[in-house]
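J.:
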Amino acid sequence: MLLIKVHTNPSKQQLTRIAPTPSGYLHLGNVLSFAITYALAQKHGANIMLRIDDLDQNRVKNEYIKDIFETLWFMEIPWQYGPKNEKEYQDRYSQLHRMGLYHDALEQLVQKKLVYACNCSRKEISQTASNGIYPRTCRPKNLDLSQKTVNWRIKTNQEQLFMKDENEGVSRKLPAVMQDFVIRKKDGAPAYQLASVVDDIHFGINLVVRGKDLYDSSWAQLFLANQLPTSTFNSSLFYHHPLVEESGGKKLSKSAGSTSVKGLRAAGKTKEYIYGKLGEFMGFDEHISSLDDFEKAYNQKKLP
Numbered sequence: 252m253l254l255i256k257v258h259t260n261p262s263k264q265q266l267t268r269i270a271p272t273p274s275g276y277l278h279l280g281n282v283l284s285f286a287i288t289y290a291l292a293q294k295h296g297a298n299i300m301l302r303i304d305d306l307d308q309n310r311v312k313n314e315y316i317k318d319i320f321e322t323l324w325f326m327e328i329p330w331q332y333g334p335k336n337e338k339e340y341q342d343r344y345s346q347l348h349r350m351g352l353y354h355d356a357l358e359q360l361v362q363k364k365l366v367y368a369c370n371c372s373r374k375e376i377s378q379t380a381s382n383g384i385y386p387r388t389c390r391p392k393n394l395d396l397s398q399k400t401v402n403w404r405i406k407t408n409q410e411q412l413f414m415k416d417e418n419e420g421v422s423r424k425l426p427a428v429m430q431d432f433v434i435r436k437k438d439g440a441p442a443y444q445l446a447s448v449v450d451d452i453h454f455g456i457n458l459v460v461r462g463k464d465l466y467d468s469s470w471a472q473l474f475l476a477n478q479l480p481t482s483t484f485n486s487s488l489f490y491h492h493p494l495v496e497e498s499g500g501k502k503l504s505k506s507a508g509s510t511s512v513k514g515l516r517a518a519g520k521t522k523e524y525i526y527g528k529l530g531e532f533m534g535f536d537e538h539i540s541s542l543d544d545f546e547k548a549y550n551q552k553k554l555p
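Quick note on the working numbering: the sequence shown kicks off at 252 and runs consecutively.
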């Protein structure tokens with residue numbers, strides 16, 4: 252049986268990651284996530300890894316990759332593992348270099364008879380499932396996995412899952428919206444849920460910090476990790492932080508053109524200004540003008 256070997260963290264020290272996607276210029280919501288990750292890394296004595304999630308090559312642009320590094324440097328956010336610059340990212344750390352790992356994991360799931368093909372379009376699913384829950388239309392069809400126009404879905408069940416957090420942890424079944432979620436897309440590329448958990452296993456991540464919008468994804472990935480033969484992921488500590496929102500209550504979005512750090516810099520705004528805005532959003536009493544200020548205020552307030 253193929254195993255996913257731990258690459259970066261064989262000693263199982265505390266290790267977290269920041270994982271931006273190069274699909275647009277980074278905005279305040281991204282920087283908030285980075286700052287919270289740093290604060291929690293300091294609290295738990297963890298190192299930080301930079302992982303750039305670039306599997307969706309249709310949306311990746313070199314200018315967005317450059318922006319990731321420029322934003323991290325401008326905001327003085329440190330990381331100990333992962334690419335230090337664009338060249339290292341291209342040469343060693345792009346997710347394209349780990350395609351073999353993703354395909355090995357997919358094959359393991361196929362061998363366990365946990366995978367089925369689905370040829371439903373998004374429109375068809377929305378027409379038959381107004382609540383957004385995939386109705387397992389294709390599960391009994393036994394469609395050929397080798398077809399070029401099918402997603403691969405994993406057969407989920409009602410097993411109890413456990414998520415470790417700073418309190419007593421949470422035990423529950425997989426959220427209904429994640430029922431039989433996609434693990435390989437129609438173009439043959441690994442889906443986010445699979446690639447993310449395989450990367451976390453591979454690099455030995457054991458402190459997972461992400462936005463509340465990915466809470467259901469965390470449960471999907473815990474379920475997926477249970478099906479893989481080598482996993483420290485299930486014992487990871489999870490944090491789901493608040494999101495910076497537009498005035499209408501929507502999450503900031505790169506694709507929607509939300510104010511970017513690049514744009515703020517071009518307008519003459521400093522990192523002190525940006526950290527001040529993040530401090531206001533978090534409701535800190537202290538004036539925040541640096542990453543260290545943010546970390547101290549965050550941990551003193553005992554968040555999240």
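Built from N, CA and C at the ideal position, the CB exists for glycine as well.
Computed from a prediction, not measured in an experiment: that's the story for all the values here.
Check whether the region 361 to 369 and the region 317 to 326 are in contact - that is, three or more C-beta pairs closer than 8 Å.
T.: At 8 Å Cβ cutoff, the stretches do not touch.
J.: Where does the unbroken alpha helix (DSSP H) through Thr-379 begin, and where does it stop?
T.: 373 to 379 is the span of the alpha helix (DSSP H), which, as asked, contains Thr-379.
J.: Would you check if there are 3 or more beta carbon pairs closer than 8 Å linking the region 405 to 425 to the region 460 to 473?
T.: A contact exists between the region 405 to 425 and the region 460 to 473.
J.: Under the DSSP definition of a beta bridge, which residues are partnered with Tyr-490?
T.: Answer is Val-460.
J.: Output the distance between the C-alpha atoms of Thr-407 and Phe-432, rounded to the nearest integer angstrom.
T.: Approximately 8 Å between the Cα atoms of the pair.
J.: Let me check understanding here. Comparing Cα to Cα, which of His-538, Asn-393, Gly-351 lies closest to Leu-445?
T.: For the residues His-538, Asn-393, Gly-351, the minimum Cα distance to Leu-445 belongs to Gly-351.
J.: Give me, in chain order, the residues of the same chain whose beta-carbon lies closer than 6 Å to that of Ala-507; leave out the 5 immediate sequence neighbours on both sides.
T.: Unreliable placement is indicated for Ala-507, whose pLDDT of 46 sits below 50; no coordinate value is reported for it.
J.: Put Ser-345 into one of helix, strand or coil per three-state DSSP.
T.: Coil.
J.: If the criterion is Cβ atoms closer than 8 Å, does the pair Gln-430 and Ile-376 meet it?
T.: Cβ atoms of Gln-430 and Ile-376: not closer than 8 Å.
J.: Which parts of the region 390 to 452 are runs of the beta strand (DSSP E), unbroken and 3 residues or longer, counting only runs that do not cross its ends?
T.: Listed in chain order, the complete beta strand (DSSP E) runs (minimum 3 residues) inside the region 390 to 452 are 402 to 405, 412 to 414, 421 to 423, 433 to 435.
J.: Could you tell me which residues DSSP puts in a beta bridge with Asn-298?
T.: BP columns for Asn-298 point to Leu-266.
J.: Looking at the secondary structure, which residues open and close the beta strand (DSSP E) in which Ala-368 lies?
T.: 366 to 369 is the extent of the beta strand (DSSP E) around Ala-368.
J.: Since Tyr-332 sits in a beta bridge, which residues does DSSP pair it with?
T.: Tyr-332 is bridged to Met-300.
J.: Between Arg-387 and Ile-405, what straight-line distance do the alpha-carbon atoms span, to the nearest angstrom?
T.: About 10 Å.
J.: Where does Ser-540 fall in DSSP's three states?
T.: In this structure, Ser-540 counts as coil in the three-state DSSP scheme.
J.: In whole angstroms, give me the CA-to-CA distance for Leu-266 and Lys-522.
T.: Distance between the alpha carbons of Leu-266 and Lys-522: 26 Å.
J.: Closer than 6 Å by C-beta to Phe-535: which residues in its own chain qualify, once you throw out the five before and the five after it? Chain order, please.
T.: Result list for Phe-535: Ala-548, in chain order.
J.: Compute the Euclidean distance between the alpha carbons of Leu-306 and Glu-419, then round it to the nearest angstrom.
T.: For Leu-306 and Glu-419, the distance between alpha carbons rounds to 35 Å.
J.: So which of Thr-400, Asn-309, Phe-285, Val-460 has the shortest CA-CA distance to Gly-439?
T.: Ranking Thr-400, Asn-309, Phe-285, Val-460 by Cα distance to Gly-439 puts Thr-400 first.
J.: By a C-beta neighbour count over all protein chains shown, 10 Å radius and 16 as the cutoff for buried, is Leu-270 buried or exposed?
T.: Leu is not the amino acid found at residue 270; the sequence shown has Ala there. Label assigned to Ala-270: buried.
J.: Assuming contact is defined by CB atoms lying nearer than 8 Å, are Arg-302 and Asp-450 in contact in what I supplied?
T.: Yes. Within cutoff.
J.: Compare the beta carbon distance of Thr-413 and Val-459 with 8 Å and say whether it is the shorter of the two.
T.: The sequence shown places Phe at residue 413, rather than the Thr named in the question. No, Cβ-Cβ distance for Phe-413 and Val-459 is not below 8 Å.
J.: Evaluate Ser-487 with the Cβ neighbour count: other Cβ atoms within 10 Å of its Cβ, from every protein chain shown; 16 or more gives buried, anything less gives exposed.
T.: When all chains shown are included, Ser-487 counts as buried.
J.: Among the candidates Arg-268, Val-512, Pro-334, Lys-312, whose CA atom is the shortest distance from the CA of Ala-292?
T.: Of the listed residues, the one whose Cα sits closest to Ala-292 is Arg-268.
J.: In whole angstroms, what is the alpha-carbon distance linking Ala-442 and Tyr-289?
T.: Answer to the nearest angstrom: the Cα atoms are 27 Å apart.
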